[in-house]
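J.: Numbering (our numbering), first residue to last: 545 to 1231.
Right, I'll just put the structure down here and ask away after.
Structure representation (structure tokens):
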């Protein structure tokens, strides 16, 4: 009875409005949100009812006394909205809560943090007061789940009560004793101490834009998860006291994501924060190789109140983060024009001009291969004739620009067709140059392959196309540039034996790939060549990167044995990057590729970040081919273990796969890792 009464009392507290300083707030009750990606999804219901996993922190109000004392009222609850105990006594899991407070000075746009912490030698080379969570404050419980925190930091006498102030909260709840991991929650509360309405905000990029690649922002031990919280500490006050590098959010984010494209780095310099090298060829910078830092809209999306600030409000701090060889004081590398403040920036760097590649924000950041001036190359497959075992198929397609005008194959600097099959699991392919194909005046192109289909070809095969056309933009001007107009890889299925056409199973989503790999710079092979961007569709990559493919033909003799080039193996390995032991692979032209410095920005345990239709689940469809990998045992190995070992590369993992593979009957992975098994793929990857 006592337990039931306690629950009813807590429920009353949840449903009743809570009175806070200066406001009345009703705490909404979120619905339980456990998915197959959460450990709680698989836990015993009795354990879930006892533990009540999840954490939601909500700042309900802020009071600032005349002496500058700041008091914050907040609430902590589980995902059902029921109150939690900070101490982990009345409810399981101790909760750690930290607060910061900052304000935006009148006429400025960046926060200034009130809560700072002195740091100096021997921890750092230099010393200074850096933005930090408040230290030494006092917690007081007001009711179940409702607390007050009194800051140790007092606001200075005469602080501006008409300025925008923001309190940021970040909390963590450890449930590791119950094998339910650690839950995190952030909240920000923006107000004007005088009671006036908030009119001045800093709302430029939302967390959702970051999470397209990061899955879930989780920095500083996973506790900081919201951009609105990050900007309270990553202010112009903040710097690396080992290198002097600015840690202002504008500077650090631009620089990290530009990587090797930062001017000083491109000139041979480095970008180091503390002990971390973000140069682009070292520790952590991956963004420069999966996108183009000039594509500002990748992060600066519509939605925030100041979404257009990147193009309407340029500043020395933001622009100088990538263009760090510019000396604004002397005018060096700035057409000899000193810039002592940001007031005149928009005179030259206005949002958009009449032409691309001008000094406007959009013009200066135009990626040539994404230019709106490109006429486009549009392909549509019409049919495949003479497609039978032992025959040389003829592929008929149209080749036009965006306006519908025909393009002659000879105008393309690259035009290639690939045939692969069968779609049950591609086992072989051949590729031929089609720039000499016959073309009609209406843009219809016919190409007959020199190589014949195999004599035992059966089922459905696929033809794919790649290519690019060089286009001179702003010809005759000082801004003249050659761009490459890429074909968006197209595929066309055809039957070689009269049987019904059977498309290849859909494994990943091109849209999901594009969320991290926007534009033509990647997904592509040979990213260091002018043709980078020709391979831009994951399904097209699969035509060549099949289970039988290795790098033997490109690998030096003294570096044998060869490595698998199967797409599943390769992609899993590349995305695991620095978290696995890497052995180089060799691409076309004998180029050695090592991906041991790649750092995947999201959670690799979230298979659905790439996969669709449950394609990562076991058992896999029948009839898939084993994967050749001469450097591993067994060779060949089953499709499931080959893919999984792309990430799980320990000796124990390899031994586990070997023990559970029969030379006669194959893999038994789905016995334990099947979709409904105790150690299903989803369950073992849950967080």
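Positions of the beta carbon are idealized from the N, C-alpha and C atoms, including for glycine.
Remember, it's a predicted structure, so these values are computed and weren't measured experimentally.
Look at residue 787 and residue 748 and say whether their C-beta atoms are less than 8 Å apart.
T.: Contact: no.
J.: Suppose the cutoff is 7 Å on Cβ atoms and the five residues either side in sequence are ignored; what does the same chain contact list for residue 1165 look like?
T.: Result list for residue 1165: 1049, in chain order.
J.: According to the neighbour-count rule (16 or more other Cβ atoms, all chains shown, within 10 Å of its Cβ), is residue 881 buried or exposed?
T.: Label assigned to residue 881: exposed.
J.: Which term fits residue 1104, buried or exposed, when burial requires 16 or more other beta carbons within 10 angstroms of its beta carbon?
T.: Exposed, because fewer than 16 other Cβ atoms sit within 10 Å of the Cβ of residue 1104.
J.: How many angstroms separate the CA atom of residue 692 from the CA atom of residue 1060?
T.: Their backbone Cα atoms lie some 41 Å apart in a straight line.
J.: Looking only at DSSP bridge pairs, what is residue 1035 linked to?
T.: Paired residues: 1008.
J.: For residue 1147 versus residue 1231, is the C-beta distance shorter than 8 Å?
T.: Going by C-beta atoms, residue 1147 is nearer than 8 Å to residue 1231.
J.: So is residue 997 buried or exposed if we call it buried at 16+ other beta carbons inside 10 Å?
T.: That one is buried.
J.: Can you give me the Cβ contacts of residue 825 inside the same chain, cut-off strictly under 8 Å, excluding the 5 residues immediately before and after it?
T.: Low confidence applies to residue 825: its pLDDT is 46, below 50, so where it sits in the model is not reliable enough to give any reading.
J.: Rounded to whole angstroms, what is the Cα-Cα separation between residue 1177 and residue 936?
T.: Near 38 Å, if we compare the C-alpha coordinates of residue 936 and residue 1177.
J.: Quick check: the Cα distance between residue 750 and residue 795, rounded to an integer number of angstroms?
T.: Answer to the nearest angstrom: the Cα atoms are 17 Å apart.
J.: The beta strand (DSSP E) spanning residue 1192 covers which residue range?
T.: Per DSSP, residue 1192 belongs to no beta strand (DSSP E) and is neither H nor E.
J.: Would you decide whether residue 763 is buried or exposed? Buried here means 16 or more other CB atoms lie within 10 Å of its CB.
T.: It counts as exposed.
J.: Suppose you measure from the CA of residue 874 to the CA of residue 894; what does that come to, to the nearest Å?
T.: Computed Cα separation, rounded: 22 Å.
J.: Quick one: is residue 1029 buried, meaning 16 or more other Cβ sit within 10 Å of its Cβ, or exposed?
T.: It is buried - the Cβ of residue 1029 has at least 16 other Cβ atoms within 10 Å.
J.: Just to confirm the assignment, what range does the alpha helix (DSSP H) spanning residue 792 have?
T.: Premise fails: residue 792 is in no alpha helix (DSSP H) and is neither H nor E.
J.: By Cβ distance below 6 Å, which residues in the same chain neighbour residue 831 in space, the five residues on each side in sequence not counted?
T.: Any answer about residue 831 is weak, because its pLDDT of 42 lies below 50 and its placement is not dependable; what the coordinates show is given next. Correct list, in chain order: 801, 803.
J.: Terminal residues of the continuous alpha helix (DSSP H) containing residue 1126?
T.: Here residue 1126 belongs to no alpha helix (DSSP H), and DSSP marks it neither H nor E.
J.: Taking C-beta to C-beta, are residue 627 and residue 712 nearer than 8 Å?
T.: Result no, Cβ atoms of residue 627 and residue 712 do not sit closer than 8 Å.
J.: Tell me whether residue 1022 is buried or exposed, calling it buried when 16 or more other Cβ atoms sit within 10 Å of its Cβ.
T.: Its Cβ having fewer than 16 others within 10 Å, residue 1022 is exposed.
J.: Three or more C-beta pairs closer than 8 Å, one from the region 1101-1115 and one from the region 930-948: is that the case here?
T.: Touching, no, given that fewer than three Cβ pairs across the two stretches are closer than 8 Å.
J.: Can you tell me whether DSSP reads residue 993 as helix, strand or coil?
T.: Residue state, collapsed to three classes: coil.
J.: Give a yes or no on contact between the region 663-673 and the region 614-626, applying the rule of three or more CB pairs nearer than 8 Å.
T.: At 8 Å Cβ cutoff, the stretches do not touch.
J.: By Cβ distance below 6 Å, which residues in the same chain neighbour residue 889 in space, the five residues on each side in sequence not counted?
T.: Cβ within range, chain order: 858.
J.: Whose C-beta lies closer than 6 Å to the C-beta of residue 927 among residues of the same chain, with five residues either side of it excluded?
T.: Closer than 6 Å at the Cβ level, and outside the excluded window around residue 927, lie 940.
J.: How should residue 912 be labelled, buried or exposed, when 16 other C-beta atoms within 10 angstroms of its C-beta is the threshold for buried?
T.: Under this definition residue 912 is a buried residue.
J.: Going along the chain, which residues of its own chain have a beta-carbon closer than 7 Å to the beta-carbon of residue 1018, five neighbours each way excluded?
T.: Only 899, 901, 1024, 1025 meet the Cβ criterion.
J.: Let me know the secondary structure DSSP gives residue 983 once reduced to three states.
T.: If DSSP states are grouped into helix, strand and coil, residue 983 belongs with the strands.
J.: Output needed for residue 1225: all residues of its chain with C-beta closer than 8 Å, excluding positions within five of it in sequence on either side, in chain order.
T.: Closer than 8 Å at the Cβ level, and outside the excluded window around residue 1225, lie 1151, 1160, 1161, 1162, 1217, 1219.
J.: Could you tell me whether the Cβ of residue 1132 comes closer than 8 Å to any Cβ of chain C?
T.: The structure shown contains no chain C; it holds only a single protein chain.
J.: Between which residues of its own chain and residue 783 is the CB-CB distance below 6 Å, once the five residues before and five after are set aside?
T.: Correct list, in chain order: 790, 791.
J.: Of the choices 717, 1136, 1115, 1138, whose alpha-carbon is the least far from that of residue 534?
T.: In the structure as shown, the chain begins at 545 and stops at 1231. Residue 534 is therefore absent and cannot be evaluated.
J.: In chain order, what residues of the same chain lie with their CB nearer than 6 Å to the CB of residue 617, ignoring the 5 residues before and after it?
T.: Around residue 617: 564, 604, 605, 692.
J.: Per the contact definition of three or more C-beta pairs closer than 8 Å, is the region 1126-1136 in contact with the region 1086-1104?
T.: Result yes; three or more Cβ-Cβ pairs closer than 8 Å.
J.: Classify residue 1152 as helix, strand or coil using the three-state DSSP reduction.
T.: Here residue 1152 sits in helix by DSSP.
J.: Can you have a look at residue 1044 and say buried or exposed, based on whether 16 or more other CB atoms are within 10 angstroms of its CB?
T.: Exposed is the call here.
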